[in-house]
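In mature numbering (1 follows the signal peptide of the UniProt record, and there is no 0), the protein residues as written are -22 to -1, 1 to 119.
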């Protein structure tokens, strides 16, 4: 009986880990009140990687130029909040290349989303909020 109990605990732990891993690892986030002039688009799609610190992201701009997801870094995932960061080098309004740094936050329980875009080397910053929905993934465009 003493051998059976540790085995039962191990099976239970593996079942729990497997259920946690099966939780939605992809998110569709829609932003409220975007403008044509801004760097923040109306929708973002995230796939979280199995390692826990890696992810991928796509939005309208990335899809237009890259036609696929780009890497993002998960800087926090405590079960309630996911924080992600990524950079994207794109053409600016004056045909110059500009590197944009994005910071996003997903509140799992409330479904709230916030995102900020910062052009590196410049003083301005754009921030928006919206809603996220967990979806079965991974997502592909």
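Using N, Cα and C, we set each Cβ at its ideal position, and we do this for glycine too.
Keep in mind the model is a prediction, meaning the values are calculated, not measured.
query                                                                                                                                                           : result
Keeping to the same chain, check which residues put their C-beta closer than 6 Å to that of residue 96; ignore five residues upstream and five downstream.      : 79 and 103
Beta-carbon separation of residue 43 and residue 68 under 8 Å?                                                                                                  : yes
Do you know offhand how far residue 111's Cα is from residue 53's?                                                                                              : 20 Å
Do you know whose CA, among 106, 27 and 60, lies nearest residue 93's CA?                                                                                       : 106
Since residue 98 contacts residue 23 with CB under 8 Å, what's their CB separation in whole angstroms?                                                          : Residue 98 to residue 23, Cβ: 24 Å. No contact.
Using a Cβ-Cβ cutoff of less than 6 Å, which residues in the same chain neighbour residue 6 once the five nearest sequence positions on both sides are dropped? : 23, 111 and 113
Does residue 41 come out as helix, strand or coil in the three-state DSSP assignment?                                                                           : helix
For a test of the three-state rule: what should DSSP assign to residue 136, helix, strand or coil?                                                              : Any answer about residue 136 is impossible in this case: the structure gives the chain only from -22 up to 119.
How long is the line joining the alpha carbons of residue 32 and residue 26, rounded to whole angstroms?                                                        : 6 Å
Closest to residue 61 by C-alpha separation, out of 75, 91, 8 and 20, would be which residue?                                                                   : 91
Apart from the five residues on each side of it in sequence, which residues of its chain come closer than 8 Å, Cβ to Cβ, to residue 38?                         : 19, 20 and 21
Do the CB positions of residue 101 and residue 59 come within less than 8 Å of each other?                                                                      : no
Identify the residues that DSSP records as bridge partners of residue 48: which are they?                                                                       : 35
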